[in-house]
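Read left to right, the sequence shown gives residues 1 to 175 (UniProt numbering). Where is the CB? At the ideal position from N, CA and C, for every residue including glycine.
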Amino acid sequence: MAENVKLTAVERLILANQYEILGLLQNNESLTRLATDLKDGHAWIFESKIRNQLSDELPDASAKEVLAILGIYSDLKDSYDQLGDKSGIDGRAVVFPGYDGNNEGELLHFTAALSANGNYSQTIGEHARNSHCPVRDMYQRMVDRWTELGKPRYPLSKEAILAILDAQIHPSNRE
Numbered sequence: 001m002a003e004n005v006k007l008t009a010v011e012r013l014i015l016a017n018q019y020e021i022l023g024l025l026q027n028n029e030s031l032t033r034l035a036t037d038l039k040d041g042h043a044w045i046f047e048s049k050i051r052n053q054l055s056d057e058l059p060d061a062s063a064k065e066v067l068a069i070l071g072i073y074s075d076l077k078d079s080y081d082q083l084g085d086k087s088g089i090d091g092r093a094v095v096f097p098g099y100d101g102n103n104e105g106e107l108l109h110f111t112a113a114l115s116a117n118g119n120y121s122q123t124i125g126e127h128a129r130n131s132h133c134p135v136r137d138m139y140q141r142m143v144d145r146w147t148e149l150g151k152p153r154y155p156l157s158k159e160a161i162l163a164i165l166d167a168q169i170h171p172s173n174r175e
């Protein structure tokens, strides 16, 4: 839940007008009530209602983490598709499995938003996948292995694909 909803008088008036119009269009009494609370300056009421409608912002570090793993999976899948000899590689392993909805929900929602906005939609798919188990540690091992390999980009060699996929199960020798 977002915190620190502090509005200026002008912001309150603008929001009040928007909620009033929306409430009238949708015939929704709670929205027109919120408009009245905003106009009347009942801060505790409107701040709590607005706060409940907002999620916390995703930290930049988490966004960069997701983007890094999506980039790796994109290169894995595209490189796998181009390989002549796919022996020893399970094609399902190069498909991005998503994030756990129970423990990594903010990351799952971010991937859904990325796909909805046309970013990494080929990698994520039409709908963000719920992995149903935490995968963040596995992804970190994959990023670490990719870094150890010198951060190779598409097209990845078969050896690089196998090394990165191996990190899904096995930690680096440096650990």
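Task: Contacting residues, own chain, Cβ-Cβ under 6 Å from E175 (five flanking each side not counted) - done: Annotation note: pLDDT 46 at E175 (below 50); position unreliable, coordinate value reported separately. Same-chain partners within the cutoff: there are none.
TODO: May I ask you to report which of helix, strand or coil DSSP gives Y19?
DONE: helix
- [ ] Note down, in chain order, each residue of its chain lying with its Cβ closer than 6 Å to the Cβ of E47, except the 5 sequence neighbours on either side.
- [x] V5
- [ ] Decide yes or no for the touch test of the region 110 to 120 against the region 136 to 150: beta carbon pairs closer than 8 Å, at least 3 of them.
- [x] no
- [ ] Can you give me the Cβ contacts of Y80 inside the same chain, cut-off strictly under 7 Å, excluding the 5 residues immediately before and after it?
- [x] K86, I89, G91, V94, I161
- [ ] Could you work out which residue in T8, D75, P171, L149 is closest to R141 when comparing CA atoms only?
- [x] P171
TODO: Less than 8 Å between the CB atoms is what I'm expecting for Y99 and S131, so what's the real figure, rounded?
DONE: 6 Å
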